[in-house]
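**Student:** Numbered according to our numbering, the sequence shown spans residues 4 to 198. First the structure, which I've put down as structure tokens, then a few questions once you've had a look.
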Amino acid sequence: MREPKQKRSIEKKNKIIRAGFELLCEKGYHNTNTAQIAKRAGVSTGIIYNYFIDKRDIFIAVWDYFATNMSNAIFSVLQTLPTDFDLEETITKIIDNIVLAHLSTPKAQEEFSAMSYQDSDIAEYIINYEENLIEMLTQVLASHGYHFTHPHEKLHIVYDMVENYCHEYLYHKHSCIDYTIMKAIVTKMIVDILK
């Protein structure tokens with residue numbers, strides 16, 4: 004596959020990725036085909052194959068697009084931290100940003116989760132994303148003076164807690180749960196883990 008270098012080609016590839024993302028969110032992976040993606044992107048099906056091997060390849064590019072948005076939800080808060088930031092307040096902001104990022108793409112969440120169980124390469128791709136994210140978080144926290152034992156293990160637990168909170172809050176909606184209290188509990192647990 005060719006990697007576009009010219010602005011117009013890059014824009015065309017990005018249109019295909021955005022179209023794939025929109026259709027993934029609307030119809031799901033298995034109910035979307037490359038002809039539909041091409042039509043939504045305003046390109047011919049043949050053009051798609053200049054940039055992608057198949058629908059699965061588009062799906063991986065869509066994952067990158069989605070993962071970048073999720074990472075931005077975290078790092079937009081962390082990049083502007085003052086030296087003497089309040090950890091609890093920062094965690095609350097990050098959780099709020101991640102909830103908003105999830106809220107805009109609920110169907111994508113379901114599809115990525117389902118595909119990770121069906122395709123070992125996609126599962127590995129997602130695991131690599133998580134590991135890179137954890138490594139970047141470790142470095143950012145260290146640059147702000149947060150050094151603690153077993154940072155990768157602790158931050159992975161934190162990552163899972165935030166993901167579970169988001170899924171609970173956005174998708175499960177148990178009537179017996181006060182989500183404001185739950186977020187406060189998750190935030191406190193994260194602070195305790197990172198001490």
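Every residue, glycine too, gets a C-beta built ideally from N, C-alpha and C. Remember, predicted model here, so these are calculated numbers, not experimental data.
Where does D89 fall in DSSP's three states?
**Tutor:** Residue mapping note: residue 89 aligns to position 86 of the sequence shown, counting from 1. Coil.
**Student:** Roughly how many angstroms separate the alpha carbons of A117 and K110, rounded to a whole number?
**Tutor:** For the purposes of this step, residue 117 is identified with residue 114 of the sequence shown, where counting begins at 1. For the purposes of this step, residue 110 is identified with residue 107 of the sequence shown, where counting begins at 1. A117 and K110: Cα-Cα distance of roughly 11 Å.
**Student:** Can you list the beta strand (DSSP E) stretches of 3 or more residues lying completely in the region 4 to 35, in chain order?
**Tutor:** Within the region 4 to 35, no complete beta strand (DSSP E) run reaches 3 residues.
**Student:** Leaving aside the five residues before and after L26 along the sequence, list all residues of the same chain whose C-beta is less than 8 Å from its C-beta, in chain order.
**Tutor:** For the purposes of this step, residue 26 is taken as the residue at position 23 of the sequence shown. So the list reads T35, Q39, I40, R43, once near-sequence residues are dropped.
**Student:** For the putative contact between I196 and K157, defined by C-beta atoms under 8 Å, what is the C-beta separation to the nearest angstrom?
**Tutor:** On the sequence shown, residue 196 is found 193 positions in, with the first residue counted as 1. On the sequence shown, residue 157 is found 154 positions in, with the first residue counted as 1. With 8 Å as the limit, I196 and K157 qualify as a contact, their Cβ atoms being about 5 Å apart.
**Student:** Does DSSP put H177 in a helix, in a strand, or in coil?
**Tutor:** Here residue 177 corresponds to residue number 174 of the sequence shown, with the count starting at 1. The answer is coil: DSSP assigns H177 none of H, G, I, E or B.
**Student:** Identify which residue in N17, S178, C28, A76 has its Cα closest to the Cα of N53.
**Tutor:** Looking up residue 53 in the sequence shown gives position 50. Residue N17 is the option with its Cα nearest to N53.
**Student:** Could you spell out the range, first to last residue, of the alpha helix (DSSP H) harbouring D60?
**Tutor:** To locate residue 60, count along the sequence shown from 1; it is residue 57. Its alpha helix (DSSP H) spans residues 58 to 81.
**Student:** Check whether the Cβ atoms of V194 and I98 lie closer than 8 Å to each other.
**Tutor:** Locating residue 194 in the sequence shown gives position 191, where the first residue counts as 1. Locating residue 98 in the sequence shown gives position 95, where the first residue counts as 1. No, the Cβ-Cβ distance between V194 and I98 is not below 8 Å.
**Student:** CB-CB under 8 Å to T141, same chain, minus the five flanking residues each way: which ones, in chain order?
**Tutor:** Position 138 of the sequence shown holds residue 141. If we look at T141 and ignore the five residues flanking it on each side, its Cβ neighbours are P154, H155, L158.
**Student:** Nearest to I101 by CA position, among D89, E171, I184, is which residue?
**Tutor:** Looking up residue 101 in the sequence shown gives position 98. Nearest C-alpha to I101: E171.
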